[in-house]
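Right, one structure below, let's go through it.
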Amino acid sequence: MDEEIDKFFAEIGKMPPEHFPEKVMLQIATLPLPEPPSQPALRWIALLGVVLAGLIQFVAFLSGIWSATAAG
Amino acid sequence: MALEIEAIIERICRGERSAYAEIVRHFQKPLFGFLGRMGLNQAVCEEIAQETFVRAWTNLGRYDPAISRFSTWIFGIAKNLALNELARIEKYPQCSETLPEVASERDDPQENLVHSRAMRKLKQALLMLSPSDRSLLALAYLEGVEMAELADMEGCSKGALKVRIHRAKRRLQALMEKEYG
Chain A
0 MDEEIDKFFA EIGKMPPEHF PEKVMLQIAT LPLPEPPSQP ALRWIALLGV
50 VLAGLIQFVA FLSGIWSATA AG
Chain B
0 MALEIEAIIE RICRGERSAY AEIVRHFQKP LFGFLGRMGL NQAVCEEIAQ
50 ETFVRAWTNL GRYDPAISRF STWIFGIAKN LALNELARIE KYPQCSETLP
100 EVASERDDPQ ENLVHSRAMR KLKQALLMLS PSDRSLLALA YLEGVEMAEL
150 ADMEGCSKGA LKVRIHRAKR RLQALMEKEY G
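The listed protein sequences derive, respectively, from chains A and B. Just so it is clear: in the first sequence, position 5 is 4 by numbering that gives the first Met the number 0, and no numbers are missing. Just so it is clear: in the second sequence, position 144 is 143 by numbering that gives the first Met the number 0, and no numbers are missing.
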């Protein structure tokens with residue numbers, strides 16, 4: 000049975016029509032150029048910035064609690 | 000032939016649109032094979048393949064080689080479009096898909112007949128299979144794609160993928176036997 004299924008899947012795959020790439024490229028020609036991929040280094044810097052901002056917020060929160068407690 | 004995807008993307012981003020044709024030419028055949036195995040007819044395959052390449056172009060900047068291979072990414076786009084199409088067909092059955100007759104190349108007419116019958120039964124069973132099973136089997140028969148890459152596309156381990164493929168095949172077989180004895 001597996002052999003029959005293998006043969007079946009080998010046979011039912013479709014083939015692209017002639018000039019398919021040209022047809023796609025005609026549509027691509029009407030579209031704007033894609034955005035360049037973002038640089039991995041920039042992403043790490045952005046992530047570091049977010050982590051740092053979160054850390055500052057957390058320290059500020061703790062120091063707020065400490066100040067309130069110290070003030071009695 | 001391996002495709003230097005990152006170099007091609009760089010060329011495209013510098014304004015060389017024609018470089019994209021290399022990607023289209025490289026992936027068109029496996030893409031049509033995949034869509035055909037999903038049980039979609041030629042016209043729908045063409046429509047989805049075209050849309051896949053357009054979406055890949057539009058989102059080229061979001062492709063990250065550190066996260067996935069380009070083939071995983073582009074087949075992911077095609078798979079989502081094909082699943083949407085299958086859902087649409089299920090919702091509006093009047094636009095139901097049809098699979099064309101499978102051409103048989105056997106010389107012996109008796110053997111030819113037996114083969115054609117088996118293929119017809121399998122075609123009908125495939126159309127009754129769930130979209131997720133169809134997509135899984137269609138991906139499993141992609142040529143030149145490693146099991147690890149398929150597992151990436153399906154978001155599971157290699158072992159789990161093998162089990163899922165095996166179960167999908169058994170379900171296809173059960174549907175065929177249930178409907179046609």
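All C-beta atoms, glycine included, are put in the ideal place defined by N, C-alpha and C. Computed from a predicted structure; not experimentally measured.
Distance between beta carbons of residue j and residue i, contact taken as under 8 Å
i	j	result
residue 4 of chain A	residue 35 of chain B	Not quite, the Cβ-Cβ distance comes to about 15 Å (not below 8 Å), so this is no contact.
residue 187 of chain B	residue 136 of chain B	There is no way to answer for residue 187 of chain B, as the model of chain B reaches only from 0 to 180.
residue 171 of chain B	residue 124 of chain B	5 Å
residue 88 of chain B	residue 54 of chain B	Actually they are not in contact, since the Cβ atoms of residue 88 of chain B and residue 54 of chain B sit about 20 Å apart, beyond 8 Å.
Identity of the residue in the options nearest residue i by Cα
i	options	result
residue 78 of chain B	B:160, B:123, B:50 and B:57	B:50
residue 26 of chain A	B:30, B:31, B:33 and B:17	B:17
residue 177 of chain B	B:85, B:121 and B:52	B:121
residue 90 of chain B	B:14, B:31, B:19 and B:130	B:130
residue 20 of chain B	A:55, A:24 and A:2	A:24
residue 67 of chain B	B:147, B:44, B:158 and B:170	B:147
residue 14 of chain A	B:44, B:145 and B:172	B:44
residue 33 of chain B	B:168, B:134 and B:145	B:134
residue 126 of chain B	B:168, B:144, B:37 and B:22	B:37
residue 8 of chain A	B:3, B:145 and B:31	B:31
residue 42 of chain B	A:16, A:41 and A:66	A:16
residue 1 of chain A	B:173, B:174 and B:168	B:168
residue 64 of chain B	B:4, B:88 and B:145	B:4
Alpha-carbon to alpha-carbon, residue j and residue i
i	j	result
residue 153 of chain B	residue 63 of chain A	47 Å
residue 96 of chain B	residue 40 of chain B	At residue 96 of chain B the pLDDT is 49, less than 50, meaning the model places this residue with poor confidence; the figure from the coordinates comes in the next sentence. Spanning the two alpha carbons is a distance of roughly 6 Å.
residue 118 of chain B	residue 156 of chain B	31 Å
residue 28 of chain B	residue 44 of chain A	40 Å
residue 86 of chain B	residue 80 of chain B	10 Å
residue 19 of chain A	residue 52 of chain B	11 Å
residue 6 of chain B	residue 84 of chain B	33 Å
residue 71 of chain A	residue 53 of chain A	27 Å
residue 108 of chain B	residue 8 of chain B	51 Å
residue 24 of chain B	residue 2 of chain B	11 Å
residue 175 of chain B	residue 132 of chain B	14 Å
residue 48 of chain B	residue 144 of chain B	18 Å
residue 116 of chain B	residue 46 of chain B	29 Å
residue 13 of chain B	residue 68 of chain A	59 Å
residue 66 of chain A	residue 57 of chain A	14 Å
residue 15 of chain B	residue 21 of chain A	15 Å
residue 60 of chain A	residue 40 of chain A	30 Å
residue 6 of chain A	residue 158 of chain B	24 Å
residue 173 of chain B	residue 10 of chain B	50 Å
residue 42 of chain A	residue 128 of chain B	42 Å
residue 22 of chain B	residue 55 of chain A	46 Å
Could you tell me which uninterrupted alpha helix (DSSP H) segments, each at least 4 residues in length, are contained entirely in the stretch 84-163 of chain B, listed from first to last along the chain? 108-127, 130-139 and 146-153
At least three beta-carbon pairs within less than 8 Å, the stretch 51-71 of chain B to the stretch 26-43 of chain A: yes
Do three or more CB pairs link the stretch 137-146 of chain B to the stretch 15-33 of chain A at distances below 8 Å? no
Tell me whether the stretch 62-72 of chain B and the stretch 47-54 of chain A touch, counting them as touching only if at least three CB pairs, one residue from each stretch, are closer than 8 Å. no
Does the pairing of the stretch 161-168 of chain B with the stretch 107-119 of chain B give three or more beta-carbon distances under 8 Å? no
Could you name each continuous alpha helix (DSSP H) segment of 4 residues or more that falls completely within the stretch 6-90 of chain B, going from the start of the chain to the end? When DSSP assignments are scanned along the stretch 6-90 of chain B, the uninterrupted stretches of alpha helix (DSSP H) that are 4 or more residues long and fall wholly within it turn out to be 19-36, 41-57 and 69-90.
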